[in-house]
Amino acid sequence: MENKCTQIEFGVHARTLKNENKVILGNVLNGLWIKCSDYIYEFLLNSIVEKRTVDEIIDECLDTESKKYMTDLIETLIKIEVLTISSNLRKENIIKHITLELTTRCNLRCIHCCADCGEEIRKDMDFNKIQEIIEWSQKNNIESISLTGGEIFLRTDIWEILEYIRKNFHGDVEILTNGTLIKNEKIAYLLTLVDCISISLDGYDEESVTKIRGKGVFNKVLEKINLLRKNKFENVSLSMVVTEETSNSIKAFKDLCSMLGVRPVTRVFTPEGRGKDNYIILNPSYKNSLERDFDESTIDKLQNEVNFRCICNMESKVFICADGNIYSCFLEIKSGNILGDIDDLLSSKLERAMVLPIVDSINPCSTCNVRYFCASSCPGHNSAIFNDEKLRKELCSSSIEYYKRIVWN
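For the sequence shown, UniProt numbering gives the first residue as 1, with consecutive numbering after it.
Next up, the structure:
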């Protein structure tokens, strides 16, 4: 092992869970975790508190087998970033990615929409503000800009916006769209202005898409994708929100994406906007899994699949609303976790996003020994669920026993 003469400490994203004589050590950002005996954890914790070097920790072990185990354990914990070398400097939170909400208007009425966007909400970001943000982004080495809505192609000046961004910004440009309003004759030109196109579909055939997004959307989207591929544009993704309607169709969705030659993206369902009104019919359930008896091999497989990740790297991203307010992401809007506004961004006065697992601050979740597993990696989604007592209890009743059986066996 390298760095044996250095001290180690727990990383900023390290968390632990305890059950009887076992302890889980995991990283809530990358989702990786391991399980060990409580006395091993206590020994390691005390060694870190006493500022022992890695060499000194290993030398405390009494025999060759114990020394090898401790060496392997420390190496693994460093690899999954539960432990870190004390001398390593923590990186500053630097904005790398910006998402601009160009409009809150939309031509569809998707039943799961967390924004509740529609024609009646007529709010567009001012074009002059967009120009200022683009100029600031270029000066500050922003890596990528994403344009979203609502539906961005409802803006009559969308082509002027895209042209301005391509001319004045040298990073990657992504657009997020439902794909229904892109004119066929404009596709070839569009591909000279953007680097990535993300299209939302939320299904795998006409019937499944119609239930969520409305009649005729499926065929319109497929037509656009085929034209994109015909023009040799490779960087296209197709997304589906996992709901009760679609949770058993993920394979069919991925098969469709494979056939179309696009990248599949599945997103967690968030009960906000119209999505909250339709939560009962949309929310996937764990109840079918709870009724099964798992053998040891199945439990081992499921343990490898469950994820410790319950935050995202939002420190490097900002979402700028059409009204000029700035959040770490779109789903933080309803929580009121505002970081500032466009003027704050331009004058470098924007507050930093502090990302902490919400389950550590919500009772009774804060004492639950599977809490990091039942939360998702999206803080906005977690906020919508865990700050709503009814939704939180529903999630808990449908998942806690599942995770306890899988994680602690």
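Note that beta-carbon positions come from the ideal geometry of N, C-alpha and C, so glycine has one too. Since the model is a prediction, treat every value here as computed from it, not as a measurement.
Check, Outcome
"Residues that Asn19 bridges to, as DSSP identifies them", "Lys22"
"Euclidean distance between Cα positions of Gly171 and Lys129", "19 Å"
"Pro364 burial status per 10 Å Cβ neighbour count (16 or more: buried)", "exposed"
"Contacts around Ile94, its chain only, beta-carbon distance under 7 Å, and the 5 residues preceding and following it disregarded", "Ser316"
"Asn141, buried or exposed, once every other Cβ within 10 Å from all chains shown has been counted against 16", "exposed"
"Cβ neighbours of Leu228 in the same chain (closer than 6 Å, five flanking residues each side left out)", "Val236"
"Touching by the beta-carbon criterion (3+ pairs, under 8 Å), the segment 201-210 and the segment 159-174", "no"
"Cβ separation of Leu176 and Ser146, assumed to be a contact under 8 Å, to the nearest whole Å", "6 Å"
"Cβ-heavy atom distance, Phe330 to the ligand NAP, below 7 Å", "Only the bare structure without any ligand can be found here, which leaves the ligand NAP out of the picture."
"Minimum C-alpha distance to Glu351 - residue among Ile358, Ile338 and Asp360", "Ile338"
"Cβ neighbour criterion (16 or more within 10 Å) applied to Ser66", "exposed"
"As assigned by DSSP and simplified to three states, the class of Asp202", "coil"
"Under 8 Å between C-beta atoms of Val359 and Cys310", "yes"
"Cys396 in three-state terms, based on DSSP", "helix"
"Cβ of Thr210 within 8 Å of any chain D Cβ", "Absent from the structure is chain D; it holds one protein chain and no more."
"CA-to-CA distance, Asn369 to residue 413, given in whole angstroms", "For residue 413 there is no data in the structure shown, the boundaries of the chain being 1 and 409."
"Gly149 - DSSP class collapsed to helix/strand/coil", "coil"
"C-alpha gap between residue 416 and Cys321, whole angstroms", "What is shown of the chain runs 1 to 409, which leaves residue 416 out entirely."
"Proximal residues to Asp341 (C-beta, below 8 Å), its chain only, five neighbours per side dropped", "Gly324, Asn325 and Ile326"
"Phe319: first and last residue of the uninterrupted beta strand (DSSP E) it sits in", "Lys317 to Ile320"
"CA-to-CA distance, Gln138 to Glu174, given in whole angstroms", "15 Å"
"Ser347 (DSSP reduced to helix, strand or coil)", "coil"
"Alpha carbon of Cys374 to alpha carbon of Thr156, nearest angstrom", "43 Å"
"Pair within 8 Å by beta-carbon distance, Leu100 and Ile133", "yes"
"Simplified DSSP assignment, three categories, for Glu9", "strand"
"Integer Cβ distance of Met70 from Ile57, believed to fall under 8 Å", "7 Å"
"Inter-residue spacing [alpha-carbon to alpha-carbon] between Val46 and Arg371", "In the sequence as presented, Val is not what sits at residue 46; that position holds Asn. The straight-line gap from Cα to Cα measures roughly 25 Å."
"Start and end residues, alpha helix (DSSP H) containing Ile58", "Val54 to Asp59"
"Environment of Met240 [buried if 16+ CB atoms lie within 10 Å]", "buried"
"Helix, strand or coil at Pro284 [DSSP, three-state]", "No answer about Pro284 holds up, because its pLDDT of 48 lies below 50 and its placement is not dependable."
"Option nearest Gly179 by Cα separation, candidates Tyr164, Ala188 and Phe218", "Phe218"
"Coarse secondary structure for Asp172, derived from DSSP in three states", "strand"
"Simplified DSSP state of Val217, which is helix, strand or coil", "helix"
"Span of the alpha helix (DSSP H), counted from its first residue to its last, around Gly380", "Pro379 to Phe386"
"For Ile333 and Phe319, the rounded distance between their alpha carbons", "9 Å"
"Opening and closing residue of the beta strand (DSSP E) in which Arg263 lies", "Arg263 to Val268"
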